Amino acid sequence: MDITGTQAPDLAQKIEAMTTEVANLNGLLKKMLYAQQKAVTLEPIEIKSEEPAAQVKQSPPLAKPPAGNVAYDDLKGAITTLATTKGRQAALNVLKQFGVNKATELDKSAYHDCYLAIKDASL
Numbered sequence: 214m215d216i217t218g219t220q221a222p223d224l225a226q227k228i229e230a231m232t233t234e235v236a237n238l239n240g241l242l243k244k245m246l247y248a249q250q251k252a253v254t255l256e257p258i259e260i261k262s263e264e265p266a267a268q269v270k271q272s273p274p275l276a277k278p279p280a281g282n283v284a285y286d287d288l289k290g291a292i293t294t295l296a297t298t299k300g301r302q303a304a305l306n307v308l309k310q311f312g313v314n315k316a317t318e319l320d321k322s323a324y325h326d327c328y329l330a331i332k333d334a335s336l
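Every number in our numbering is 213 more than the matching position in the sequence shown, counting from 1.
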């Protein structure tokens with residue numbers, strides 16, 4: 214920056230603007246450093262619940278589903294029943310067989326096969 218021939222008030226304004234900009238950058242760097250430290254120190258946790266969801270209608274996983282046509286509510290009830298009887302991890306393992314973590318991520322065409330897998334896992 215060339216300051217020759219610059220008047221004192223102009224120079225003071227430029228210094229003040231640069232000081233403000235440096236302070237803003239310093240604040241952003243502190244936030245980034247904090248976020249980076251938090252990302253490094255966080256570890257994944259597993260949330261466990263022994264209680265089934267109150268709103269979910271539980272259906273026995275051994276119930277025979279209609280041929281090729283399983284409603285989402287029936288599937289959800291079977292998953293909840295499996296999680297209650299065999300544990301949450303058993304239900305998650307069945308869903309992972311279909312490449313999903315939640316029943317809502319399943320394609321409707323996979324409901325029947327998933328229901329049958331839940332039936333097998335409940336034995």
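Beta carbons: idealized from backbone N, C-alpha and C, even for Gly.
Predicted model only: the values in this text are computed from it and were never measured.
- Annotated three-state conformation of D287 is helix, per DSSP.
- Between K299 and S322, the C-beta spacing is not below 9 Å.
- With a threshold of 16 other beta carbon atoms within 10 Å, T294 meets it and is buried.
- A direct Cα-to-Cα measurement between H325 and K315 gives close to 15 Å.
- Per DSSP, the unbroken alpha helix (DSSP H) holding V307 starts and ends at 301-310.
- Between D333 and the set A248, I292, L238, the nearest pair of CA atoms involves I292.
- In the structure shown, the three-state DSSP call for N282 is coil.
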